[in-house]
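Letter by letter, the sequence shown follows residues 3 to 133 in this note's numbering. All residues carry an ideal CB built from backbone N, CA and C; glycine is no exception. Notes for the one structure printed next.
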Amino acid sequence: MIEGLQGADRRRSIGEYLAVTVGGAVGAAMRYEVWTWRATPRWLLMSTFGVDVFGCLVVGAALGYLSGRSAPVARAGVFGLACGFTTFGLYALQAVTHRGAWNSVVYLVATPVVALIAMAIGAAITRPGSR
């Protein structure tokens, strides 16, 4: 996944900034839509878990697909979408403020583990084969 960070010392184009901005706005709107489907504490925890895992799967798949390609605008859009859609800040707040201590511990441990596995799977299934 380090490849997604390459080019950190180069200048960014207007297209990249536009892509990350639009991606972030779309991701945030999608996240808000999922979050507001129900108004129960259990739904908030489960929707955050699902969005983080699914978001990591999509990011992994996109970065796997873009691996080895010069596509800075597409990569910026993926990062914007991922940052707007996934909610690790909300994840931490919910884990700390949830009433059940054991549920909080399981939630804190399971979310990043399953999300990282999902991202690795997404990257593995979309990475172009070696020629």
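What is the DSSP secondary structure of residue i, reduced to helix, strand or coil?
| i | result |
| --- | --- |
| Ala78 | helix |
| Arg71 | coil |
| Pro43 | helix |
| Gly102 | coil |
| Gly52 | helix |
| Thr128 | helix |
| Thr89 | coil |
With residue i as the anchor, note down where its alpha helix (DSSP H) starts and where it stops.
| i | result |
| --- | --- |
| Gly25 | 16-37 |
By how many angstroms is the C-alpha of residue j removed from the C-alpha of residue i?
| i | j | result |
| --- | --- | --- |
| Thr23 | Leu46 | 26 Å |
| Val55 | Val115 | 9 Å |
| Tyr67 | Arg129 | 5 Å |
| Ile119 | Gly52 | 13 Å |
| Ala1 | Ala117 | Since the displayed the chain opens at 3 and closes at 133, residue 1 lies outside it and no answer follows. |
| Trp39 | Ala31 | 13 Å |
| Val80 | Ile123 | 17 Å |
| Gly70 | Ala126 | 14 Å |
Is it right to say residue i is buried, meaning 16 or more other beta carbons lie within 10 angstroms of its own, or is it exposed?
| i | result |
| --- | --- |
| Ala64 | buried |
| Val111 | exposed |
| Thr50 | buried |
| Arg12 | exposed |
| Arg44 | exposed |
| Thr99 | exposed |
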